[in-house]
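Chemist: Residue numbers (the working numbering): 99 to 495. Even for Gly, the Cβ is constructed at its ideal location relative to N, Cα and C.
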């Protein structure tokens with residue numbers, strides 16, 4: 099069937115799907131953090147604050163965001179912060195850990211361990227057998243402790259304090275501690291996960307914990323399962339979107355699409371894919387207009403490589419840093435219309451970058467969301483790890 103004969107999914111429908119499936123419209127909000135994470139498949143976890151802010155934007159009762167998210171992450175462990183796609187830290191529903199590990203972690207893990215062994219060998223540091231011995235000892239210690247910082251682990255296993263030089267002779271030459279590199283490798287290998295932070299929920303310092311036990315899955319089956327899960331939440335998407343989000347080779351993406359029987363659809367930017375049969379409108383009627391203040395690296399803003407259907411290219415310089423990380427965004431009825439920041443006194447400030455798209459109804463709704471955010475964040479001060487031009491300007495006042 100040629101592209102002209104494919105079912106068409108337009109911009110309005112794609113925005114409606116985001117509103118409902120990503121729990122952003124008022125009537126679609128989640129009751130628990132687990133529901134929000136499940137709806138998005140993964141929450142970006144590189145910046146710890148992003149997890150809470152992304153959840154809070156989607157909860158019907160945002161006042162309990164911090165306590166409820168901490169319960170899920172560190173009490174009941176129904177959510178897990180671990181390495182995932184594109185060698186990035188995410189928060190996943192615990193039942194997805196095996197799928198993520200097999201579909202995306204194994205290949206990256208092999209490269210990470212080989213790189214560590216190679217870097218150590220270059221400078222005459224202990225060999226792979228020594229490293230394996232230290233690894234087994236570290237995991238045993240962590241099992242006894244339950245959770246521990248790298249420093250606490252090194253107190254029990256002194257070999258973690260060993261140092262070795264890297265990039266000798268280069269402008270970026272430096273020294274690595276075995277604990278820094280080894281714990282990273284163990285994280286990518288799915289053996290350890292990020293635990294409770296040392297400070298508040300915005301802290302980047304954290305403890306380590308053993309990863310939840312999970313079965314070893316077939317790689318191709320795991321990739322199909324992850325792709326089906328993501329397309330259900332975020333479809334339609336192009337092949338380029340899928341390759342970008344997963345970090346897989348294009349051959350892996352195509353194999354997974356075939357395995358799940360993905361259906362081709364026509365998008366404004368070309369051919370896209372949905373799970374089989376997912377071509378009908380998302381609801382029985384139009385979605386009511388909605389507003390949202392989403393954090394830096396929010397999964398909705400970062401979900402697709404091609405974003406013109408919800409983000410005008412003219413807005414990108416103000417809202418992204420030089421590495422392509424999105425900053426805090428203001429949404430109105432399915433599109434990004436501006437950005438926001440928190441000032442030193444706790445005030446949430448925002449600015450529209452598309453005045454023609456922000457009328458009185460939008461301003462009222464956005465202000466309501468800003469106040470809602472200010473109330474549940476309370477005295478906590480938030481500075482995104484990856485700062486963008488508009489966020490810096492707004493925060494400075």
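Note down the Cα distance separating residue 408 from residue 332, rounded to an integer number of angstroms.
Modeler: Near 13 Å, if we compare the C-alpha coordinates of residue 332 and residue 408.
Chemist: Identify which residue in 216, 337 and 345 has its Cα closest to the Cα of residue 365.
Modeler: Nearest of 216, 337 and 345 to residue 365, Cα basis: 337.
Chemist: Who are the Cβ neighbours of residue 161 in its own chain at under 6 Å, not counting the five residues just before and after it?
Modeler: Around residue 161: 474.
Chemist: From the DSSP output, read off the bridge partner residues of residue 190.
Modeler: Paired residues: 178.
Chemist: Taking the runs of the beta strand (DSSP E) that are 3 residues or longer, which of them lie wholly in the segment 281-308?
Modeler: Taking only runs of at least 3 residues, the beta strand (DSSP E) segments lying wholly in the segment 281-308 are 290-295 and 304-308.
Chemist: Along the chain, where does the beta strand (DSSP E) that runs through residue 449 open and close?
Modeler: Element bounds for residue 449: 446-450.
Chemist: DSSP on residue 99, reduced to helix/strand/coil?
Modeler: Here residue 99 scores only 44 on pLDDT, less than 50, and its place in the model should not be relied on; the value that follows carries that caveat. It is coil, neither helix nor strand.
Chemist: Taking only three categories from DSSP, how would you classify residue 433?
Modeler: Of the three classes helix, strand and coil, the one that applies to residue 433 here is strand, per DSSP.
Chemist: In whole angstroms, what is the alpha-carbon distance linking residue 279 and residue 465?
Modeler: Computed Cα separation, rounded: 45 Å.
Chemist: For residue 404, which residues of its own chain have a beta-carbon under 7 Å away from its beta-carbon, when the five flanking residues on both sides are left out?
Modeler: The residues are 336, 338, 339 and 367.
Chemist: Given residue 100, which residues of its chain have a CB within under 7 Å of its CB, disregarding the five upstream and five downstream residues?
Modeler: Per-residue confidence for residue 100 stands at a pLDDT of 46, beneath the threshold of 50, marking its modelled position as unreliable; the derived number appears in the next sentence. Counting only Cβ-Cβ distances below 7 Å, and skipping sequence neighbours, we find nothing.
Chemist: Once the 5 residues before and after residue 445 are set aside, which same chain residues still bring their CB inside 8 Å of it?
Modeler: 472, listed in sequence order.
Chemist: For the structure I just gave you, are there three or more beta carbon pairs, one from the segment 242-252 and one from the segment 301-309, closer than 8 Å?
Modeler: As far as the Cβ criterion goes, the segment 242-252 touches the segment 301-309, which means the pair count is three or higher.
Chemist: Look at the Cβ atom of residue 189, then the Cβ atom of residue 432, and state whether they are nearer than 8 Å.
Modeler: Result no, Cβ atoms of residue 189 and residue 432 do not sit closer than 8 Å.
Chemist: Please return the same chain residues whose Cβ sits closer than 8 Å to the Cβ of residue 240, not counting the five positions on each side in sequence.
Modeler: Closer than 8 Å at Cβ, skipping near neighbours: 246, 251, 290, 306, 307 and 308.
Chemist: Should residue 476 go down as buried or exposed, given a rule of 16 or more other Cβ atoms within 10 Å for buried?
Modeler: Exposed: under 16 other Cβ atoms inside 10 Å.
Chemist: Measure how close the beta-carbons of residue 482 and residue 425 come, nearest whole angstrom, since I'm counting them as under 8 Å.
Modeler: Their Cβ separation, rounded to whole angstroms, is 6 Å, which keeps residue 482 and residue 425 in contact under 8 Å.
Chemist: Could you tell me which of 300, 361 and 180 sits nearest to residue 147, measuring between CA atoms?
Modeler: That would be 300, whose Cα lies nearest to the Cα of residue 147.
Chemist: Note down the Cα distance separating residue 277 from residue 225, rounded to an integer number of angstroms.
Modeler: Cα-Cα distance, rounded: 15 Å.
Chemist: For residue 385, is the classification buried or exposed, using 16 other Cβ atoms within 10 angstroms of its Cβ as the cut-off for buried?
Modeler: By the neighbour-count rule (16 or more Cβ atoms within 10 Å), residue 385 is buried.
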